[in-house]
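Everything on this sheet refers to the single structure shown next.
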Amino acid sequence: MTDVLNTAARPDIAGEPHAIVDRPAVMLYTRLRKSPYFWKSRACGAASYSVYNHTYHPRHYGDPVGEYWALLDGVTIWDVGVERQLEISGPDAFDFTNMLVPRDLTKCEVGQCKYVFITAPDGGIINDPVLLRLEENRFWLSLADSDVGLWAMGLAHAGGWNVHIAEADVAPLQVQGPRSKEVLRDLFGDAVLDVPYYRMHEFTVDGMRVVVSRTGYSGEVGYELYLRDASRDAERLWDAVWQAGQPYGMRPIGPCHMRRIEAGMLAYGCDITLDTNPLEVGYDYRWMVDLDQDADFIGKAALARARSEGISRLMVGMEISGEPLGTYNDGSMIEPFDVHDGADTPVGRVTSACRSPRLDRNIGLAMVPIGLSELGTTLQVHTPSGVREGTVVEKPFIDPRKETPKL
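Take any residue in the sequence shown, count from 1 to its spot, add 29: that is its number in the numbering used here.
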């Protein structure tokens, strides 16, 4: 069954001060979920949607470039309720979760967060969530766009693990930008300023329980607010955050791909898939793929072999000549940006690209043969508007040491 959501927002919130009355129609399908914050972000003027984890996801609110500058200069609120929280608990939860990921979780303390890959037996990437360790044997995986819950349930059943795997009634909001600290301080008190980078702490506001982490998908200072009992309290939390953000000019935005490309951050489904492994996408760090740990993990043998034998391709940063490419082009395009080396047959492809407003250049991530990955290598990028020159450059393009989000 389907329903058409036209220019009218849900009647009980359409008259709120931050509602925008002119919105494009959206076809709603019962097979697709709505984020717990769907109606609030809709009332704020969400202008374009994608589907992420089988859920409608606001891509932008009509002005992606303006939203980019709001992220850099002020504070923004993101509806990221699409990031399902897979909870793993029970007596075997630590050992089971440690088997899912190449990182050594003995180095992850309770109250700490880690960016992790979930790998397949051949080393391919199934997902790249942020992992939150809430207790010794309780974890949340804040999922990117793939069905990790089914994978984990199958492994647990087949292996006889004593774990409980379920989607928690938890939905995150992101509050990102240089003024996010002020908003969070006004909402939760001074103690929130003591939460270190990639750590978390639980707070209560107006009876709502919120796990706050110093994480985000922006390359800027920011927080993620993981609301417990989201099916009951999501709209109340949105209102509380929105109200706290008004003195600082808070603006709703979608995932800012221009900023994440500048930061060299990966997007599942275009930059990384089951067909790529962590070494190929530039994460051959001992801390991300720990082959020296005592524990086994799924894909360990394959990744050890890849590290020993060497990889045949590598994800690189690329500057692309010519007119602006727009705010976001990804590898799922009908006409993907193939990369050539002077011949008719493509040797690689651009997986994400955009025009960086700050750099005033076209930038992107591209998968190319290892022999063509040296800095300064020039290649041909085939775009719908014609062939352009692509030059391999360092990534991240801005803030290579990622100092900004740690401020």
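The C-beta atom is built at its ideal place from N, Cα and C for all residues, glycine as well. Computed from a predicted structure; not experimentally measured.
| Asked | Found |
| --- | --- |
| Beta-carbon proximity list for E291, same chain, < 6 angstroms, skipping 5 on both sides | S385, F426, I427 |
| Whole beta strand (DSSP E) elements within the segment 294 to 349, 3-residue minimum | 342 to 349 |
| DSSP three-state assignment for I399, whether helix, strand or coil | helix |
| Residues bridged to Q114 [DSSP beta-bridge criterion] | S171 |
| Cβ-based neighbour list, P225, same chain, cut-off 7 angstroms, excluding 5 preceding and 5 following | R243 |
| Start-end ranges of the beta strand (DSSP E) lying completely within the segment 53 to 109, minimum 3 residues | 55 to 58, 77 to 81, 84 to 89, 105 to 108 |
| Nearest neighbour of E352, chosen from L308, V416, M317, V376 [CA to CA] | V416 |
| Where the alpha helix (DSSP H) containing E211 begins and where it ends | 209 to 217 |
| 7 angstroms CB neighbourhood of I155 in its chain, flanking five on each side removed | I147, T148, A149, S175, V177, W180, L303 |
| Own chain, CB closer than 7 angstroms to V422, minus 5 neighbours either side, in chain order | G346, M347, E348, L404 |
| Sheet register partners of H193 (DSSP bridge) | S118 |
| Buried/exposed call for G222, threshold 16 Cβ in 10 Å | It should be pointed out that residue 222 corresponds to Leu in this sequence rather than to Gly. That one is exposed. |
| Buried/exposed call for N191, threshold 16 Cβ in 10 Å | exposed |
| Cβ shell of L202 (< 8 angstroms), same chain only, five flanking positions each side left out | Y66, I106, W107, D108, V109, G110, E253, L254, L256, L266, W267, V270 |
| Neighbourhood of T433 by C-beta distance below 8 angstroms, restricted to the same chain and skipping five residues each side | G248, E249, V250 |
| Closest residue to V145 among V379, N306, A372 (Cα-Cα distance) | N306 |
| Short Cβ contact (8 angstroms threshold) for F123 with A185 | no |
| Buried or exposed (CB count within 10 angstroms, at least 16 for buried), G183 | exposed |
| Range covered by the alpha helix (DSSP H) that runs through I290 | 286 to 291 |
| Inside the segment 216 to 286 only - beta strand (DSSP E) runs reaching at least 3 residues | 229 to 234, 237 to 242, 251 to 257 |
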